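A short worksheet on the structure shown next.
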Amino acid sequence: MRIKVLTIFPEMLRPMLEASILKRAIDAGLIEVELVDIRPFSELKHKNTDDYPFGGGPGMVMLAQPIVDAVESCTGEAFRGKRLYLSPRGRTFTQKMAEELSKEDELLLLCGHYEGVDQRAIDLVIDEEVSIGDYVLTGGELGALVIIDAVARLIPGVLGSDESSEDESFSSGLLEYPQYTRPREYRGLAVPDILLSGDHAKIARWRRDRALELTYQRRPELLENIEMDKKDRIFMQALRERHGEA
Ligand SMILES: C[S@@+](CC[C@H](N)C(=O)[O-])C[C@H]1O[C@@H](n2cnc3c(N)ncnc32)[C@H](O)[C@@H]1O
């Protein structure tokens, strides 16, 4: 997958792309991330990229011209993908959306700053606005990194076989079960016996029950979309009874 990030602060993204799993994926050619500085596209003498908002109000607004030119320079006839603008007004980014985006050949991520970007740039060259949550950041760069990270790890080969994403929170629709590693006992807290039993069927059942239980306790609304078999339903019935619900 090829990802282009348009920003006036490319240096904000570099460190994240030069470490750990993202670096490995880039080095292996599984993803390609190009940081495109919007500033050189400005036609203004001092390469300004923002101006005061028409109608008044605080802050500055990013100019349409450098953004539109930068996007067009990156997305010729051959561009096959989505052009996204990071924005608190956008569709909220979720694991499901990460899965959708991981199937694209190319992504373009536009990072705003200040009070945001001139609406005409959005109207002309953006397919969709995406928010990474209900809060306001100073710029879209952290959002772009969140999307790159979540999408990249779904691309085949990016995670090693021992780092599989299959069981993780949200992949199955449930929050993930608790994980343990060595030592068997730490500060008086022991690893649950079942995980040391070697009985794979029982371990799988224990993990499924814990995932159901955690999701019930923390994000009960997620349970509405989960397909449950008979064992799941019996467990959930007992759980609800314990909580005085059933
Ligand atoms: C200070 S914000 C602008 C907020 C804008 N005035 C508003 O109220 O919608 C500056 C930039 O940060 C990015 N940003 C802020 N919060 C974000 C969020 N929750 N998700 C994605 N991008 C965000 C956007 O690119 C935005 O253009």
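Residue numbers (the working numbering): 1106 to 1351. The C-beta atom is built at its ideal place from N, Cα and C for all residues, glycine as well. Since we're looking at a predicted model, the values are computed, not measured.
query	result
Examine the Cβ distances between the stretch 1183–1196 and the stretch 1253–1267 and report whether three or more of them are shorter than 8 Å.	no
Touch check for the stretch 1129–1144 and the stretch 1109–1117: three-plus C-beta pairs under 8 Å?	yes
For ligand 1, any of its heavy atoms closer than 8 Å to the Cβ of C1216?	yes
Write down the C-beta distance between P1077 and F1146 rounded to the nearest angstrom, noting that I regard them as a contact closer than 8 Å.	The requested residue 1077 does not occur in the structure, where the chain is confined to residues 1106 to 1351.
If we count Cβ pairs, one from each stretch, closer than 8 Å, do we get three or more for the stretch 1125–1133 versus the stretch 1147–1160?	no
Where I1252 and A1306 are concerned, what is the direct C-alpha to C-alpha distance, given to the nearest angstrom?	35 Å
At what residues does the beta strand (DSSP E) containing I1108 begin and finish?	1107–1112
Take R1225 and list the residues in its own chain whose beta-carbon comes closer than 7 Å to its own, dropping the five residues that flank it on each side.	A1169
Find the nearest neighbour of L1206 within the set Q1342, R1107, Y1291, judged by alpha-carbon distance.	R1107
With contact counted as at least three CB pairs below 8 Å, one residue from each stretch, are the stretch 1281–1297 and the stretch 1231–1245 in contact?	no
Find out if the Cβ-Cβ distance for the pair T1320, L1280 is shorter than 9 Å.	yes
Am I right that G1221 and M1167 are in contact with their C-beta atoms under 8 Å? What's the rounded C-beta distance?	7 Å
Residues bridged to D1142 by DSSP?	T1112
With DSSP as the reference, please indicate the residues paired to L1212 in a beta bridge.	I1108, K1187
Less than 9 Å separating the beta-carbons of V1117 and L1214?	Checking the displayed sequence, the identity of residue 1117 turns out to be Met instead of Val. Not in contact: M1117 and L1214 (Cβ atoms no closer than 9 Å).
Quick one: Cα of A1309 to Cα of R1315, how far?	10 Å
Is L1317 near ligand 1, with its Cβ less than 8 Å from a heavy atom?	no
According to DSSP, is M1333 part of a helix, a strand, or is it coil?	coil
Can you grab the Cα-Cα spacing for the pair P1288 / E1273, in whole Å?	23 Å
From the DSSP output, which residues share a beta bridge with R1234?	Per the sequence shown, residue 1234 should be read as Glu rather than Arg. Its beta-bridge partners are Y1190.
Go through its chain and collect everything with a Cβ distance to M1202's Cβ below 8 Å, but skip five positions before and after it.	R1196, V1235
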